[in-house]
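Chemist:
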Amino acid sequence: MELQFEWDQVTAFVTQPDGSLFSWFERFRCFHHLIYRIVNRTEADLTLKFDGKEIRIQINESLLKRFEDEGIVKQVFPLHDEKKRKQLLKNWALNWLDFTSQPVDEIYLYYGTKIATYFSFLGMYTRWLFFPAALGLALQLIDFGSMQLLVLPAFFIFIISWAVFFFQFWKRKNSALLARWGINYSLSEYKALDTEMNSLNRVHADHEKNFDANKPIEKKILQRDEWLGLLLRIRNNTVVALAIICLQLPFELAYAHLYEITESYTLKFLLTAVYLLAIQYYTQIGGKMSVILINYENNQGEESSSASLVYKVFGLYFMQSYIGLFYHALLHRNLTTLREVLIQRLIVSQVLENLMENAYPYLKYSYKKYKAVHKKMHEQGSSGGKRIRLTTRVEKEYLKPSYTACIGKELEDGLFDDYLELALQFGMIMMFASAFPLVFCFAILNNITEIRTDALKLLVMLRRPVPRASATIGAWLNIFQFLIVTAICTNCILLVCLYDQEGKWRIEPGLAAILIMEHVLLLIKFGFSNFVPEEPAWVKANRVRNVVQVRDMYSKQLLRSISNLEKKRD
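Once you know that position 161 of the sequence shown is 148 in my numbering, the rest is easy, because the numbers rise by one and skip nothing.
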């Protein structure tokens, strides 16, 4: 329900945490709309001159869009607020003593919903990791003797229950954050539906004026487009699957085999470092190919396209990250090598990713700054002794890299890479928890570092990102749920290998017990999810109160309009 804004009814609108009426996303959308709606409203074309070139602007054409096409305006982007940026640097990026604590409301006010949701999720995930990390450390330090065969299954059951409850409580926290930030969840769903309807209208643009779904020919068109989109998705998914099997699988198995036969720890470490560097570029190519395939799909809206992209790219990274670990764990049953690879992946990959995420933007900015200064020196004919500097803050921020994903900025921003990194880490610690319980401790260290380095990257290395309205973690939640189910299967197989290796169980009763435990864990996964409500009671009550308040205000406006209309008639 959309209402005309009236200042005397301002108390009926939900305010932001800092008391302001509009969020940063809403303000940016207003700014964007205003500057792009400056159009030629004269009755004839306008001719402007700039740098010796004539620019013709047609009737009702956007001036800013025309200037962008002509290269006069390079780019439109939000600038950093220096006062707020320095405050966030002090209280967030450089505040290492707070560990996982973050000023989430301030992040939301400065960056918008999507980035604030990511850091809130990362902080809560890291805090919850302390529970399995403490148990994993106890398992590593304490010798349980003959009880070890019972302790590991109990630890595994705890891990699965922990993951299930974590995501249920995250949903509660997410809905509480949205309520605190004045974002109506049903409104987000309505906007997603509106996007799908717009996409549907574009598909039927040629006949939408006379569109009638009750006519047989219109039904055939709908069915044809529906099945065509489904076939395109099947074709694209098949292409991705074949690429994984034919190209990536042999490469991953070759690396795992080389690691298995290499005896020197130094060579193993170097091999892992070279592999991680090479695979970065390989998977980026696969991600860009996924973006190209997405463009040929008949997805209904940007959210559907983004979800399809997430699933395709994660399939590539899933094979890249885990096939070598499966090779050591299941084929060779070499749990010592598996533990070594897990440690190296969590340490070496974290160091390399931090270098790529922070050093690369800085080097890119330094190079672009050097080119800009050199160009100014050439234009001004300055001698070598005179120092040239960039004069404005806009120039400096323009040279900074934008916050984009490694696969490109067509559908996703830089959070795509951050969520992907978290999902791969979650899969690694969950799927091999029984073989190496200490892995949760390494994950905590990684995530505490990740919180501060990501914050530093956003505040110092990059431009201020364009705010996005995404209110949840979206398709990534389905990825995490898939990894929980996969972890149940892989850990059950690992326990079979461990029991068989100890020689204290016969495989028949051991396998039967593992199968029973697997079904119990699947019941926990799909049954316990209903025990914890996804929304706190106060959020539901608050939404009902807001709906009643809006309804009352709408009724008052309607009565006022009717009264004014009757007065005009009299």
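For every residue, glycine included, the Cβ atom is placed at its ideal position computed from N, Cα and C. A quick note: this is a predicted structure, and the numbers were derived from the prediction, not measured.
Please classify arginine 538 as buried or exposed, where buried requires at least 16 neighbouring CB atoms within 10 angstroms.
Modeler: By the neighbour-count rule (16 or more Cβ atoms within 10 Å), arginine 538 is not buried but exposed.
Chemist: So what's serine 292 in DSSP terms, helix, strand or just coil?
Modeler: Three-state DSSP puts serine 292 in a helix.
Chemist: Starting from leucine 33, follow its DSSP beta bridges and name the residues at the other end.
Modeler: Leucine 33 pairs with Ile44.
Chemist: What alpha helix (DSSP H) runs, 4 residues minimum, are completely inside the segment 76 to 145?
Modeler: Correct list: 91 to 98 and 100 to 128.
Chemist: How about methionine 415 and leucine 508: do their beta carbons lie closer than 8 Å?
Modeler: Going by C-beta atoms, methionine 415 is not nearer than 8 Å to leucine 508.
Chemist: In the DSSP assignment, what residue or residues form a beta bridge with aspartate 400?
Modeler: Beta-bridge pairing links aspartate 400 to Thr391.
Chemist: Just tell me which of Asp212, Tyr105 and Thr113 has its CA closest to the CA of asparagine 161.
Modeler: Checking every option, the nearest Cα to that of asparagine 161 belongs to Tyr105.
Chemist: Counting Cβ pairs, one atom from each stretch, are 3 or more of them under 8 Å apart for the segment 63 to 81 and the segment 418 to 434?
Modeler: Cβ pair count under 8 Å is below three, so no.
Chemist: Indicate the three-state DSSP secondary structure (helix, strand or coil) for valine 426 in the structure shown.
Modeler: DSSP places valine 426 in helix when its eight states are reduced to three.
Chemist: Quickly, what does DSSP pair serine 49 with across the bridge? List them, please.
Modeler: According to DSSP, which records beta bridges pairwise, serine 49 is partnered with Val26.
Chemist: Can you say whether cysteine 233 is buried or exposed, counting buried as having 16 or more other CB atoms within 10 angstroms of its CB?
Modeler: With fewer than 16 Cβ atoms within 10 Å of its Cβ, cysteine 233 is classed as exposed.
Chemist: Could you give the residue range of the alpha helix (DSSP H) that holds asparagine 341?
Modeler: Segment 322 to 341, the alpha helix (DSSP H) holding asparagine 341.
Chemist: With a CB to CB cut of under 7 Å and the five nearest residues on each side skipped, what residues in its chain are close to leucine 446?
Modeler: Counting only Cβ-Cβ distances below 7 Å, and skipping sequence neighbours, we find Arg72, Leu75, Leu76 and Ala80.
Chemist: DSSP state of arginine 530, grouped into three classes?
Modeler: Note: arginine 530 maps to helix in three-state DSSP.
Chemist: Under the assumption that glutamate 247 contacts histidine 319 (Cβ atoms under 8 Å), give the Cβ distance between them as a whole number of angstroms.
Modeler: That belief holds up - the Cβ atoms of glutamate 247 and histidine 319 are roughly 6 Å apart, short of 8 Å.
Chemist: Does DSSP put aspartate 5 in a helix, a strand or coil?
Modeler: DSSP places aspartate 5 in coil when its eight states are reduced to three.
Chemist: Since arginine 451 and proline 65 are thought to touch, with beta carbons under 8 Å apart, how far apart are those beta carbons, to the nearest angstrom?
Modeler: Confirmed, about 5 Å.
Chemist: At which residues does the alpha helix (DSSP H) containing isoleucine 59 begin and terminate?
Modeler: First-last for isoleucine 59: undefined, no H or E at that position.
Chemist: If we call anything under 8 Å between Cβ atoms a contact, is isoleucine 394 one with valine 278?
Modeler: Yes, Cβ-Cβ distance for isoleucine 394 and valine 278 is below 8 Å.
Chemist: Taking the alpha-carbon positions, what's the isoleucine 102 to isoleucine 438 distance?
Modeler: Each residue's alpha carbon lies about 12 Å from the other.
Chemist: Quick one: Cα of leucine 139 to Cα of tryptophan 157, how far?
Modeler: Straight-line Cα distance between these residues: approximately 27 Å.
Chemist: Please state if the CB of tryptophan 115 and the CB of phenylalanine 153 are separated by a distance shorter than 8 Å.
Modeler: Yes, the Cβ-Cβ distance between phenylalanine 153 and tryptophan 115 is below 8 Å.
Chemist: My guess is that alanine 410 and leucine 481 are in contact by the Cβ rule of under 8 Å, so how many angstroms apart are they, rounded?
Modeler: Contact doesn't hold; Cβ gap of about 20 Å is too wide.
Chemist: Name the residue from Val338, Ala166 and Ser292 whose alpha carbon lies nearest to the alpha carbon of threonine 2.
Modeler: Among Val338, Ala166 and Ser292, the Cα nearest to that of threonine 2 belongs to Ala166.
Chemist: Please report the distance separating the alpha-carbon of leucine 264 from that of asparagine 224.
Modeler: If you take the alpha carbons of leucine 264 and asparagine 224, they lie about 26 Å apart.
Chemist: Got a sec? Which residues, its chain only, sit under 6 Å from leucine 546 by beta carbon, not counting five neighbours each side?
Modeler: Once the five neighbours on either side are set aside, leucine 546 has no close Cβ partner at all.
Chemist: In this structure, does DSSP put threonine 249 in helix, strand or coil?
Modeler: Coil at threonine 249, not helix or strand.
Chemist: Using 10 angstroms around the beta-carbon of lysine 387, count the other beta-carbons present and answer buried if the total reaches 16, otherwise exposed.
Modeler: Classification for lysine 387: buried.
Chemist: Less than 8 Å separating the beta-carbons of cysteine 428 and leucine 124?
Modeler: Against a cut-off of 8 Å, the Cβ pair of leucine 124 and cysteine 428 comes out as a contact.
Chemist: Once DSSP output is grouped into helix, strand and coil, what is the label at arginine 222?
Modeler: Correct three-state label for arginine 222: helix.
Chemist: Using CA atoms only, rank isn't needed, just tell me which of Arg28, Gly169 and Gly274 is closest to asparagine 529.
Modeler: Ranking the options by Cα distance to asparagine 529, first place goes to Gly169.
Chemist: So which of Gln135, Ala120 and Ser133 has the shortest CA-CA distance to isoleucine 146?
Modeler: Ranking the options by Cα distance to isoleucine 146, first place goes to Ala120.
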